[in-house]
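Data block below; observations after.
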Amino acid sequence: MKTTRSAWALAGLLAGLAGLATSYFLAAALSIRESPVVAIAEGIVRLAPGAAVEQGIQTLGTNDKPVLVAVILVVVSALFAYVGVLARRSWWVPALVYLVLAVVAGIAVLAPAASTTTDVFPVALGYVTWMVVLSMLTEPLRSADRYAEASDEPAPSTLEGSGQTRRGFVLRAGIVAGAVGVLSLGGRFLGAGRRRVEETRRLLRLNGITEPDVPRAALVDVDGISPWMTPADDFYLIDTAFVKPAIDPQDWSIRIHGMVEREIVLTYDELMARQIDESWITICCVSNPVGGPLIGNAWWSGVRLASILAEAGVDPEADAVLQTSEDGWTCGTPIEALTDDRDAMLAVAMNGKPLPIEHGFPVRTIVPGLYGYVSATKWVVDMEVTKFSEFDAYWTTKGWGELGPIKMSSRVEVPGSGDRVDAGEVTFGGTAWAQHTGIAGIEVAVDGGEWLPGEISSPGTDDTWVQWRAVVDVEPGDHTVRVRATDKTGLVQTGALADVLPDGATGWHTTDFTASA
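Residue 1121 in our numbering is what sits at position 300 of the sequence shown, and the numbering runs on without skipping anything.
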């Protein structure tokens, strides 16, 4: 009796997983940030249309990256199984499929600007593993098929040989499966570099960094609204890195070059030897929908970029800085936003502590008044003073706007959607922002009625959000409430609905609630 199709599929699946496991293990051993699977996932995101990426963020939130990696693993696992079936009739077809997969992985690995030829070693080892393990697993199956073809009623010795080959396949499959598990665990162990960096971060003591002191005037008395200071663990996380770079401060440096009189390269110690400035700054993601959560306020500490760029001597013809992250992500920032009086900085601390790895440790960029996609570079390592006409940044190639100023917005947080409150005087509350311009006031309207003024906090800076409250007499029943803000130039927040693409959402945030008698 010939071997079954499922046995060949199992051989192909195990061979494929063995190749992935060995490439993952070698990537970890060489301290390469991306395994081939992760590199392919990041490549898919880079090539995907901006609208598709935005839909993924809105639908899956911070789960978008794990879901994409899981989908890739499911697809390639099915392909690996099919390759095993193909191997029953031909050896060169699986070799060709593996070669195509290796080329795709190699291109993905080499795509980031910071990649080197060393980064393709795991891909090459994975290809060799695919070929060797597939041959090892399918050899007993071929032998069993040859026994079956030799005679419909094989002699006892042939039956014995067929049984031995099948037992040989089971043994080899078990060994490969065990090796896959060992290599996967070994890769995680060798990936302890992140744990070492995390320990370094935990023990790091930064001179000139102070603990945040929340200004009393920045608060309003409404239970349930967002805290003035967003804890690091609650701060939104939107970036393109599937594996967050883990950089030891002693290995970090930044290069400032391009249209400057003199190039500057700073190590971490040299950066920390400079004057440290600290500010409350609210940053916001351009993917934040009206009333959305992709915004946070923190006490940032770092070195102002204006002083560094002044030292470098910026060419008057330059209008942009191309920032590059350790993982190859790029953004273009208007140079005026880095050289005017705002506290644009190379930040080293968040809320009085070294930056978390997920938020850019050891150094990231913070620029008040601009959406993160044109300013807030985590793990920043390079700044080229240039012109917008000379480059294409990561998100602008996907249809997003070039300059990215944050649009004025506000949201109702209390009561929440669907909440029940007592009829009569109802207290509404929330947050509003117009970074680097400042909020002058807010108004609320219940059930589409007249706009009624509320009160706002006074944080003492225009670079943060404000908390607000308003008290309105409300009859029993189901209601809606909406809010709008006015900035310090007199501009009233627009009620025109606009999607986040290409340069940020607009509209009045509206929520529903029920007032009980």
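Note that the Cβ used here is the ideal one computed from N, Cα and C, for glycine as well.
Between residue i and residue j, is the Cβ-Cβ spacing less than 8 angstroms?
| i | j | result |
| --- | --- | --- |
| D1268 | A1336 | no |
| H1180 | F1056 | yes |
| Y1194 | V1107 | yes |
| I1260 | A1306 | yes |
| V839 | A1000 | Residue identity differs from the one stated: residue 839 is Ala in this sequence, not Val. Cβ atoms of A839 and A1000: closer than 8 angstroms. |
| E1234 | G1045 | yes |
| V1206 | A1139 | yes |
| A1168 | S1196 | no |
| V924 | L894 | no |
| A1039 | S1278 | yes |
| G1245 | V1295 | yes |
| I865 | L889 | yes |
| P1175 | L1025 | yes |
| V1124 | I1068 | no |
| L1027 | A1119 | no |
| G1225 | L1273 | no |
| V1247 | V1304 | no |
| E1032 | G1173 | yes |
| F842 | S1074 | Looking at the sequence shown, residue 842 is not Phe but Ala. No, the Cβ-Cβ distance between A842 and S1074 is not below 8 angstroms. |
| G998 | V930 | Reading the sequence as shown, one finds Ala at residue 998 and not Gly. No, these two residues do not count as a Cβ contact at 8 angstroms. |
Exposed or buried, what is residue i when buried is set at 16 or more other beta-carbons lying within 10 Å of its beta-carbon?
| i | result |
| --- | --- |
| T1217 | buried |
| F1212 | exposed |
| W1329 | buried |
| Q1314 | buried |
| E863 | buried |
| E1082 | exposed |
| K1309 | exposed |
| S911 | exposed |
| E875 | buried |
| R826 | exposed |
| L868 | exposed |
| L1159 | buried |
| L992 | exposed |
| A1338 | exposed |
| R1185 | buried |
| G1354 | Residue 1354 lies beyond the residue range present for the chain, which begins at 822 and ends at 1338; the question has no answer from this structure. |
| P887 | exposed |
Take residue i and list the residues in its own chain whose beta-carbon comes closer than 6 angstroms to its own, dropping the five residues that flank it on each side.
| i | result |
| --- | --- |
| R1163 | P1189 and H1257 |
| L980 | Any reading at L980 needs caution, since the residue's pLDDT is 35, under 50, leaving its predicted position unreliable; the model's value is listed next. The answer is none, since no qualifying residue turns up. |
| I1077 | I1085, A1133 and M1204 |
| K1219 | G871 |
| A1062 | D1148 |
| T1103 | N1118, W1254, Q1256, T1285 and W1286 |
| I1116 | C1105 and N1109 |
Give me the DSSP bridge partner(s) of residue i.
| i | result |
| --- | --- |
| L1143 | G1153 and E1205 |
| H1257 | Its beta-bridge partners do not exist; DSSP assigns none. |
| A1119 | I1102 |
| H1180 | Paired residues: none, contrary to the question. |
| R1305 | E1264 |
| I1085 | I1077 |
| F1249 | A1291 |
| I1277 | W1289 |
| D1333 | T1301 |
| L841 | Answer is none; L841 lacks a bridge partner. |
| R1023 | R1023 is not bridged to any residue. |
| M1166 | R1125 and I1187 |
| D1240 | F1334 |
| P1175 | A1170 |
| S827 | S827 pairs with nothing; no bridge assigned. |
| R1232 | T1252 |
| P783 | This structure cannot settle anything about residue 783, because the visible part of the chain is limited to 822 through 1338. |
Tell me which same chain residues have a C-beta within less than 7 angstroms of the C-beta of residue i, skipping the five on either side of it?
| i | result |
| --- | --- |
| S856 | S844, Y845, A848 and P943 |
| T1151 | L1143, Q1144, T1145, A1214 and Y1215 |
| P933 | D1148 and G1149 |
| W951 | A836, G837, G840 and Y919 |
| L962 | T824, A828, W829, A832 and F990 |
| A976 | Per-residue confidence for A976 stands at a pLDDT of 39, beneath the threshold of 50, marking its modelled position as unreliable; the derived number appears in the next sentence. Contacts found: none. |
| P1114 | Y1057 |
Keeping to the same chain, check which residues put their C-beta closer than 8 angstroms to that of residue i; ignore five residues upstream and five downstream.
| i | result |
| --- | --- |
| A908 | W829, A832, G833, V914, P915, L955 and T959 |
| A1317 | T1327 and G1328 |
| K1208 | M1080, E1138, A1139, D1140 and A1141 |
| S1128 | R1095 and Q1096 |
| I928 | G864 |
With a threshold of 7 angstroms, establish whether the CB of residue i neighbours any heavy atom of the ligand SAH.
| i | result |
| --- | --- |
| A1291 | For the structure depicted, the ligand SAH is absent and the ligand set is empty, with no information on it obtainable. |
When you compare the CB of residue i with every CB in chain C, is at least one pair closer than 8 angstroms?
| i | result |
| --- | --- |
| V1313 | In the structure shown, chain C cannot be found, because there is only a single protein chain. |
Assess contact between the region 1105-1123 and the region 1314-1324, defined as three or more Cβ pairs (one per stretch) separated by less than 8 angstroms. Is contact present?
yes
Using 8 angstroms as the cut-off, can you tell me whether the region 1048-1062 makes contact with the region 1154-1163, which would need three or more C-beta pairs spanning the two stretches below that distance?
no
If we count Cβ pairs, one from each stretch, closer than 8 angstroms, do we get three or more for the region 1282-1302 versus the region 1249-1256?
yes
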